Every structure is written in C-alpha cells, then in structure tokens.
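Visitor:
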Amino acid sequence: MVVLWTTPAIRAVGLKSGQVDLPDPRKVHTQPMVRLGGVSIFTGVTTALLLVWSLGWFGILPPAAEYEVWGVTIGSVLMFLVGLSDDLFSLPAVPRLLAQFGIATAAWSVGVQIEAVSLPGVGVWQLGILSLPITLIWLVGVTNAINFIDGLDGLAAGVSGIAAAVTLIVALLTQQWAAALIASALAGAALGFLRYNFNPAQIFMGDGGAYFLGFMLAGLSVIGVVKLVTTVAIIVPLLILSVPIVDTTSVIIQRLSKGLSPFKPDQRHLHHQLLKVGLSHRFTVLTIYALTLWAGCLALAVSGLPAGWTYTAGATVLLGYVGWVAWRRTVER
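If you read the sequence shown in my numbering, its first letter stands for residue 1, the second for the next number, and so on.
1) Any idea if V3 is buried or exposed, counting beta-carbon neighbours within 10 angstroms, 16 or more meaning buried?
2) If contacts are defined as beta-carbon pairs under 8 Å, then A179 and G224 qualify, I think. What distance do you get, rounded to the angstrom?
3) Short of 7 Å in beta carbon distance, which residues of its chain neighbour L270, apart from the five on each side in sequence? Order them along the chain.
4) Let me know the secondary structure DSSP gives D153 once reduced to three states.
5) Which residues in the same chain as G308 place their Cβ atom closer than 8 Å to its Cβ, once the five residues preceding and following it in sequence are excluded?
6) What residues are listed by DSSP as bridge partners for Q126?
7) Among F148, W294, W327 and P244, which one has its Cα closest to the Cα of F283?
8) Between the alpha carbons of A12 and I149, how many angstroms are there, rounded?
9) Going by CA-CA distance only, name the one from A157, V140, L217 and T105 that's closest to L348.
10) Beta carbon of W57, beta carbon of L181: below 8 Å?
11) Using 8 Å as the threshold, is the C-beta distance between L36 and G18 below it?
12) Can you tell me the Cα-Cα spacing of Q267 and T135, whole angstroms?
13) Given I162, which residues of its chain have a CB within under 7 Å of its CB, disregarding the five upstream and five downstream residues?
14) How about G151: is its Cβ closer than 7 Å to a heavy atom in the ligand MN?
15) In angstroms, rounded to a whole number, what distance separates the CA positions of I114 and L127?
16) Is the region 140-155 close to the region 199-209, with three or more CB pairs under 8 Å?
17) What are the start and end residues of the alpha helix (DSSP H) that includes P343?
18) Could you give the DSSP three-state label for D343: helix, strand or coil?
19) Please say whether G71 and V34 have beta carbons closer to each other than 8 Å?
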C-alpha cells in the first residue's frame with residue numbers, strides 16, 4: 001500500500017528535478033524515465049518493518065537472531081543509499097564496489113554469516129576462515145545480479161517479488177520467523193511496484209531499488225535458509241536466485257573472456273538475447289518470470305514443502321507452454 005501511494009509522488013518529483021534515465025543504443029526504453037522508484041520500494045519495506053518493530057515482534061527473538069535482522073535491514077538501507085547516490089551522481093564502479101564490500105563486511109560482523117555448508121555425501125563442512133570471503137561474495141554477488149537484470153520494464157521487480165515470496169514460504173516452513181517477516185515486506189513492495197513498473201513502465205527502480213532488493217534477498221537467504229544444518233540448505237537459495245545468478249555469471253565470464261571490464265554494459269543478458277530472437281518486450285519478461293517461478297517451485301520441493309513436487313510439475317507445464325509459444329513466435333518471425 002505504501003509503495004502504491006508513494007510511487008506517483010516520487011515520479012512527479014523525479015520529473016520536476018530532471019532525475020531521469022535517458023535512452024541510448026544499449027537500452028530498450030525510448031523516452032526519458034524517472035529512475036528513483038527505489039525510493040518507494042525502500043519506503044514501503046522500511047515502513048512495514050518499523051511497524052513490526054514498534055509492535056515488539058522482533059523483540060521476542062534471541063539476541064543473536066535480532067543482530068542478524070539488524071544486519072540485513074541496516075545493510076540494505078546502506079546499500080540503498082549507495083545505489084541512490086549512483087542514481088543521482090553517477091558514481092564510478094570501483095567506489096561502488098568497495099562500498100558494497102564494506103557494507104557486506106559490516107553485516108558479516110553482526111552475524112549475517114555463511115558459517116557452514118551441508119554437502120551430500122560429505123556432511124557439514126565448517127568454513128572457518130572462509131566464512132568471510134564466501135559470505136561477501138554471496139552478498140555482493142546477489143546484489144549486483146539483481147541490478148544487472150534490471151534491463152526491461154518490470155523484470156527485476158517481478159523476479160525479486162517471486163524470489164521473496166518463495167523465500168517467505170521456505171522461512172515459514174522452517175520456522176524462521178524473522179526472515180519470514182522481512183520476506184513478506186519485500187515481496188509486497190516488489191510486487192506492488194509492478195503497478196507502475198510493468199511494461200509500459202512509468203518509472204524505473206534505479207540502482208537504489210536494485211541494490212536494496214538484491215542485498216535484502218541475499219541476506220534473507222543467509223539468515224533464513226543457509227544457517228539450517230540440512231543437506232538442502234545451500235541448494236535452496238541457489239535455486240531461488242538461480243536466474244539472476246546464472247545470467248550475471250555468464251555475462252561476466254563472456255566479458256572477461258573478451259578482455260572487457262565485467263562492469264561494462266552490453267547486450268549479452270538473457271533478456272537481450274530473447275529480444276534479439278524476436279520475442280516482444282512483455283513476453284520476454286513473462287518468460288523469465290516463468291523460469292524464475294519454476295526454479296522457485298523446485299526450491300520448495302527440495303526444501304520439503306508438502307505438495308512441493310506438485311507445484312513443480314505445474315510450474316514445469318507452465319514453463320513448457322511458455323517455451324512452446326516463444327518457439328512458435330520466433331519461427332513465425
């Protein structure tokens with residue numbers, strides 16, 4: 001509700017102040033677009049969480065769990081400010097990356113840590129001194145993965161909303177109540193933002209919104225899933241966020257293989273490739289939604305949700321249908 005109420009006002013302020021994303025050959029949009037939508041996402045999530053905090057619901061947590069919650073929420077706020085600064089002042093890539101690692105290190109220091117992983121046939125492997133670098137790579141990597149896929153109207157918001165909804169279900173299933181509360185606020189804000197961000201978009205979330213969503217999703221997966229000592233603890237968050245992770249990893253590898261900077265924008269992303277083969281803007285986004293939903297349902301099945309494999313079967317049918325329609329459209333092109 002907060003996102004729905006505040007987004008039009010933020011768009012008006014952005015238009016008046018000239019904070020717009022201008023078209024260029026690499027981008028899909030053809031008109032200047034306000035890029036401050038992350039402010040409304042941030043406002044919606046923080047309003048919900050402050051309401052929860054004022055009611056004392058976070059106060060029933062053990063101190064260690066409460067520190068984790070603060071690590072994720074305050075880290076997300078700081079990450080949002082870094083992204084917003086880039087939206088306003090176009091910061092260079094290296095200072096942004098250093099700030100991201102600094103924020104992730106601070107979150108690690110208060111308990112947002114990947115301390116161990118459970119591997120099939122190996123058992124629980126305590127990471128020890130590797131906990132810090134692996135946690136930092138995860139937090140910063142997922143943050144940038146969400147930012148990198150923010151290339152079409154509604155894409156990052158929809159993928160983040162689906163991922164947050166799946167994380168919410170997993171958190172409820174495993175009784176990770178704090179993570180569930182945060183995930184529910186995040187899902188509501190991301191999906192609410194689609195009212196103004198789905199094609200044809202009226203506003204973009206900008207780096208501020210993408211960094212905020214990305215860091216919060218990454219942090220939630222750490223405090224809500226990875227800390228569980230089960231075989232699937234490391235698999236579930238990878239499945240939930242597999243679409244942005246695989247897309248970003250493949251693009252970075254391609255850039256590095258050609259001697260380019262991993263931060264140099266180009267048109268190698270999955271959504272660019274789908275557009276090139278002839279899919280429409282909307283159908284490209286819906287196809288990636290279907291793929292994200294399928295991966296999320298698979299994560300639910302792996303995590304032991306009752307009827308999880310039934311949901312996966314349904315998502316598989318949906319993805320198959322979308323793939324068939326996409327094939328037909330490319331053939332008819």
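For each residue, glycine too, the CB sits at the ideal point set by N, CA and C. Only a predicted model underlies this, so the values are computations on that prediction, with no experimental measurement involved.
Guide: Checking against the coordinates, here is how it stands:
1) Position 3 of the sequence shown, counted from the first residue, corresponds to residue 3. Residue environment for V3: buried (at least 16 other C-beta atoms within 10 angstroms of its C-beta).
2) Looking up residue 179 in the sequence shown gives position 179. Looking up residue 224 in the sequence shown gives position 224. Confirmed, about 3 Å.
3) By one-based count along the sequence shown, residue 270 stands at place 270. Excluding positions up to five away in sequence, the list reads D247 and I288.
4) For the purposes of this step, residue 153 is taken as the residue at position 153 of the sequence shown. Residue state, collapsed to three classes: coil.
5) For the purposes of this step, residue 308 is identified with residue 308 of the sequence shown, where counting begins at 1. Correct list, in chain order: C297, L300, A301 and V302.
6) Against the sequence shown, residue 126 aligns to sequence position 126. DSSP lists A116 as partners of Q126.
7) Working through the sequence shown from its first residue, we reach residue 283 at position 283. Nearest option by C-alpha distance: W327.
8) Walking along the sequence shown from the start, residue 12 turns up at place 12. Walking along the sequence shown from the start, residue 149 turns up at place 149. If you take the alpha carbons of A12 and I149, they lie about 25 Å apart.
9) Nothing about residue 348 can be read from this structure; the chain reaches only from 1 to 333.
10) Looking up residue 57 in the sequence shown gives position 57. Looking up residue 181 in the sequence shown gives position 181. In contact: W57 and L181 (Cβ atoms closer than 8 Å).
11) In the sequence shown, the residue the question calls residue 36 occupies position 36. In the sequence shown, the residue the question calls residue 18 occupies position 18. It is not a contact, given that the beta carbons lie outside the stated cut-off.
12) Within the sequence shown, residue 267 is the residue found at index 267, counting from 1. Within the sequence shown, residue 135 is the residue found at index 135, counting from 1. Rounded to whole angstroms, Q267 to T135 spans 29 Å at the Cα level.
13) On the sequence shown, residue 162 is found 162 positions in, with the first residue counted as 1. Hits under 7 Å: Y289, T292, L293 and G296.
14) This structure lacks the ligand MN, and indeed carries no ligand of any kind.
15) Taking the first residue of the sequence shown as 1, we reach residue 114 at position 114. Taking the first residue of the sequence shown as 1, we reach residue 127 at position 127. When rounded, the distance between both Cα atoms is 8 Å.
16) The region 140-155 vs the region 199-209: in contact.
17) Outside the displayed range of the chain (1 to 333) lies residue 343, so it cannot be described from this structure.
18) Nothing about residue 343 can be reported from this structure: the residues present for the chain run from 1 to 333 only.
19) What you label residue 34 is simply residue 34 of the sequence shown in a count that begins at 1. What you label residue 71 is simply residue 71 of the sequence shown in a count that begins at 1. The answer is no: Cβ separation not under 8 Å.
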